[in-house]
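Chemist: Handing you a structure now.
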Amino acid sequence: PVIAIVGQETVLSCHLSPRMSAVNMEVRWFRSEFSSFVHCYHDGKDQYEMQMPEYRGRTELLKAGLTDGNIALRIFNIRQSDEGLYHCFVQDDTFDEITVLELQVAGLGSAPLISVEGHQNGGIRVVCQSTDWYPEPEVLWRDLSGRYLLSVSETTSRDDNGLFETKTAIIVTEHSNQNLSCCIRNTILNQDKESAISIADPFFPRVNPWMVTQLIPKTHGRICPTILRDLTLSSVCWGVRDSSQGDIAGRWRWGVGNSGLLELPESL
Numbered sequence: 018p019v020i021a022i023v024g025q026e027t028v029l030s031c032h033l034s035p036r037m038s039a040v041n042m043e044v045r046w047f048r049s050e051f052s053s054f055v056h057c058y059h060d061g062k063d064q065y066e067m068q069m070p071e072y073r074g075r076t077e078l079l080k081a082g083l084t085d086g087n088i089a090l091r092i093f094n095i096r097q098s099d100e101g102l103y104h105c106f107v108q109d110d111t112f113d114e115i116t117v118l119e120l121q122v123a124g125l126g127s128a129p130l131i132s133v134e135g136h137q138n139g140g141i142r143v144v145c146q147s148t149d150w151y152p153e154p155e156v157l158w159r160d161l162s163g164r165y166l167l168s169v170s171e172t173t174s175r176d177d178n179g180l181f182e183t184k185t186a187i188i189v190t191e192h193s194n195q196n197l198s199c200c201i202r203n204t205i206l207n208q209d210k211e212s213a214i215s216i217a218d219p220f221f222p223r224v225n226p227w228m229v230t231q232l233i234p235k236t237h238g239r240i241c242p243t244i245l246r247d248l249t250l251s252s253v254c255w256g257v258r259d260s261s262q263g264d265i266a267g268r269w270r271w272g273v274g275n276s277g278l279l280e281l282p283e284s285l
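Numbers given in our numbering equal positions in the sequence shown, counted from 1, plus 17.
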């Protein structure tokens with residue numbers, strides 16, 4: 018199949034064999050119904066009267082290749098609903114040919130947002146969530162050595178555009194797996210996005226006037242500021258790694274709450 022990424026463009030191609038010019042032929046790209054088409058070319062020009070509404074303004078027949086029998090259709094701003102089979106039909110007075118192509122859509126979602134929701138079962142409940150994935154992504158927690166960790170809950174939902182939002186949680190206990198990452202993977206593209214967190218010992222439940230936590234990027238060795246106050250509070254430095262681009266984005270923020278809980282920034 019042809020793989021296309023949500024929001025980008027793709028080209029579907031078919032070829033006449035033996036090679037001949039299609040300039041004076043009828044060219045029709047359609048899904049399931051011949052009369053309701055994705056794109057139609059006839060009498061030397063594009064025909065839009067019966068074009069499917071969801072493709073209006075998003076298709077282009079690449080006419081430069083018609084003389085060589087190359088019939089290519091460009092689709093702009095790929096949507097999840099574009100996924101499926103496409104029929105390429107060509108005919109003139111003495112000749113007709115049809116072939117079928119499959120378009121597979123993939124969406125590489127947002128960088129994982131990690132937040133700390135509070136104390137639970139003697140540990141800290143850490144949540145990872147991300148949006149705009151397709152198909153449903155694979156979500157993994159890993160410790161510093163790369164060992165996979167079990168989540169305590171995982172939910173997945175779809176938005177109006179057919180894209181997936183995922184939310185998963187894990188309980189982190191003191192002296193075990195305090196350095197961990199949340200990795201979300203698109204199995205079609207074989208690409209992932211990952212965020213990491215490190216929680217310091219004093220942040221775990223105890224009778225202690227000082228509670229400090231630190232969230233550290235996996236690379237580039239950024240040092241977070243430590244904030245000390247008379248009240249229970251937390252300091253945070255966070256980083257996100259996008260493995261598909263190999264870059265690092267980082268900033269830090271600290272906040273004070275009556276419970277001393279930590280929350281990550283709401284957006285990158």
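Even for Gly, the Cβ is constructed at its ideal location relative to N, Cα and C. Only a predicted model underlies this, so the values are computations on that prediction, with no experimental measurement involved.
Can you tell which of GLU119, TYR72 and SER215 has the C-alpha that lies nearest to the C-alpha of HIS192?
Modeler: SER215
Chemist: Restricting to runs no shorter than 4 residues, where is the alpha helix (DSSP H) found entirely within the stretch 42-87?
Modeler: none
Chemist: Where in the stretch 80-138 do unbroken runs of the alpha helix (DSSP H), each at least 4 residues long, occur, reported from the N-terminal end onward?
Modeler: none
Chemist: Helix or strand or just coil, what does DSSP make of ASP218?
Modeler: helix
Chemist: For LYS210, count the other beta carbons within 10 Å of its own beta carbon; 16 or more makes it buried, fewer makes it exposed. Which is it?
Modeler: Per the 10 Å Cβ criterion, buried.
Chemist: Classify LEU33: buried if its beta carbon has 16 or more other beta carbons within 10 angstroms, exposed otherwise.
Modeler: Of the other Cβ atoms in all chains shown, 16 or more fall within 10 Å of the Cβ of LEU33; this residue is therefore buried.
Chemist: Is there contact between the stretch 139-156 and the stretch 51-65, where contact requires at least three CB pairs shorter than 8 Å?
Modeler: With the cut-off at 8 Å, the stretch 139-156 and the stretch 51-65 do not touch.
Chemist: Classify ARG164 as helix, strand or coil using the three-state DSSP reduction.
Modeler: coil
Chemist: Tell me the rounded alpha-carbon separation between THR183 and GLU43.
Modeler: 45 Å
Chemist: Which whole-angstrom value describes the C-beta separation of ILE131 and SER212, a residue pair presumed to lie in contact below a C-beta threshold of 8 Å?
Modeler: 5 Å
Chemist: Please state whether DSSP places LEU250 in a helix, a strand or coil.
Modeler: Confidence is the limiting factor: at LEU250 the pLDDT is only 34, short of 50, which leaves the residue's position unreliable, though a coordinate-based value still follows. The answer is strand: DSSP assigns LEU250 an E or B state.
Chemist: Is the Cβ-Cβ distance between ALA21 and ILE88 less than 8 Å?
Modeler: Going by C-beta atoms, ALA21 is not nearer than 8 Å to ILE88.
Chemist: Mind checking who HIS192 pairs with in its DSSP beta bridge?
Modeler: BP columns for HIS192 are empty, so no partner.
Chemist: Out of TYR103, GLN108 and VAL19, state which residue places its alpha-carbon closest to the alpha-carbon of GLY61.
Modeler: GLN108
Chemist: For PHE93, which residues of its own chain have a beta-carbon under 6 Å away from its beta-carbon, when the five flanking residues on both sides are left out?
Modeler: GLU26 and ARG75
Chemist: Work out the CA separation of LEU118 and PRO18 for me, nearest whole Å.
Modeler: Per the coordinates, the alpha-carbon of PRO18 lies some 7 Å from the alpha-carbon of LEU118.
Chemist: Are there 16 or more other CB atoms within 10 angstroms of the CB of HIS59, so buried, or fewer, so exposed?
Modeler: exposed
Chemist: Per DSSP, what are the beta-bridge partners of GLN25 in this structure?
Modeler: Per DSSP, none; premise fails for GLN25.
Chemist: With distances taken Cα to Cα, identify the nearest neighbour of HIS104 among SER30, TYR65 and TRP158.
Modeler: SER30
Chemist: Along the chain, where does the beta strand (DSSP E) that runs through GLU171 open and close?
Modeler: Start and end: 170-175.
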